[in-house]
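In our numbering, the protein residues as written are 8 to 366.
Now the structure itself:
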């Protein structure tokens, strides 16, 4: 919490100065500085390290977007650590560097410098494979990629044909592809997509879920621990993908017949796959009505009508999701409904983020 507050102060006090410097400066890092940059850093150092890793040569909007993400989510999320990664610098392209792009057709896509034609494909592939293994050992809970980047773009990156013609927006950055293939369960998102409230809510929800499920399997765990975890996440998973919840339920029922390591890997993969599906308004309404069923008999008629009306207003798009959920949480605490009190769905991430105010 202290780190997050320090980061917020840094952004407020020095953000504008950082933007001004980033628009005019370029920095060449020594080998020792690169090694230091590759280590985990405390949150309050994020802005400075982003600049040193090459943002000084990037578009002003890149820096502004990152600072906006830090400002909006940093109070809670950045109490952990940021691990800066700039594949182009770390692979040895330097700062400043020649622009690169993806070139090729079909599965044969290469990473090529625009003017000189230098082919960076093999060096980037070797670096990416090694760096992804290093990142996995750091126990990350998520990753943010750079929009449109030939090294770090998650989707719709331009792929140029070997001859003439318009580029196709069908590619994935070369480092991004290695990350997505090497860590398929890791919550990964692209910084441009985080401006969409639903995508931002989904990604941060997955961050906390990934941390919780990793913590579950980190030490000794029993069938009872898994059943309790699965029960607590029932409404959350149902809001995203009901069929996945049923599939995970069948897996949990067979936990004693499956090797522990295999069960762990299959459960984590299944949970994260389920949460990648965006929760829809219709499924949220179904979950809210299901939860309301656990309050029947305990709520008085007037309170029941009020909650029912708020769910209906959410279904029609008149109020955000936070409104019926806040009232439901109030009644759950007031009436001590233990089953609902234990449901992650009612508070999947810290309320200070205010994510459900916008969905």
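Glycine included, C-beta positions come from ideal geometry on N, C-alpha and C.
With distances taken from CA atoms, which of the options is nearest residue i?
| i | options | result |
| --- | --- | --- |
| residue 352 | 208, 269, 119 | 208 |
| residue 228 | 113, 270, 253 | 270 |
| residue 4 | 180, 147, 141 | Residue coverage of the chain in this structure runs from 8 to 366, which leaves residue 4 outside it and unanswerable. |
| residue 187 | 251, 342, 224, 143 | 143 |
| residue 358 | 223, 283, 211, 231 | 211 |
| residue 173 | 274, 111, 243 | 111 |
| residue 250 | 263, 282, 213 | 282 |
| residue 138 | 163, 169, 98 | 98 |
Could you pull out every residue in the same chain whose Cβ sits closer than 7 Å to the Cβ of residue i, ignoring the five residues on either side in sequence?
| i | result |
| --- | --- |
| residue 108 | 119, 121, 157, 165, 167 |
| residue 177 | 166 |
| residue 332 | 353, 363 |
| residue 123 | 105 |
| residue 232 | 223 |
Am I right that residue i and residue j are in contact with their C-beta atoms under 8 Å? What's the rounded C-beta distance?
| i | j | result |
| --- | --- | --- |
| residue 329 | residue 364 | 5 Å |
| residue 150 | residue 94 | No, residue 150 and residue 94 are not in contact; Cβ-Cβ is about 12 Å, not under 8 Å. |
| residue 291 | residue 246 | 5 Å |
| residue 322 | residue 288 | 7 Å |
| residue 217 | residue 279 | 6 Å |
On the criterion of 16 or more Cβ atoms from any shown chain inside 10 Å, does residue i qualify as buried, or is it exposed?
| i | result |
| --- | --- |
| residue 184 | buried |
| residue 325 | exposed |
| residue 355 | buried |
| residue 141 | exposed |
| residue 100 | buried |
| residue 113 | exposed |
| residue 91 | buried |
Excluding five sequence neighbours on each side, which residues of the same chain lie with their C-beta closer than 8 Å to the C-beta of residue i?
| i | result |
| --- | --- |
| residue 349 | 238, 239 |
| residue 335 | 295, 298, 299, 302, 314, 347, 353 |
| residue 342 | 302, 305, 306 |
| residue 285 | 205, 206, 209, 247 |
| residue 344 | 301, 302, 305, 338 |
Quick one: residues in its chain with C-beta nearer than 6 Å to the C-beta of residue i, no 5 flanking neighbours on either side, listed in chain order?
| i | result |
| --- | --- |
| residue 320 | 326 |
| residue 161 | 152, 183, 197 |
| residue 206 | 200 |
For the stretch 83-127, which segments carrying the beta strand (DSSP E) assignment without a break, of at least 3 residues, lie completely within its bounds, in sequence order? 107-112, 115-120
Write down every uninterrupted run of the alpha helix (DSSP H) in the stretch 269-351 whose length is 4 residues or greater and which is fully enclosed by it, in chain order. 288-300, 308-322, 329-342, 345-348
Going along the chain, which unbroken runs of the alpha helix (DSSP H) with 4 or more residues stay wholly within the stretch 222-278? 230-239, 241-247, 249-260
Curious, which full-length beta strand (DSSP E) runs of at least 3 residues does the stretch 187-226 contain? 195-197
Length-filtered (4 minimum) alpha helix (DSSP H) runs lying within the stretch 129-193: 181-189
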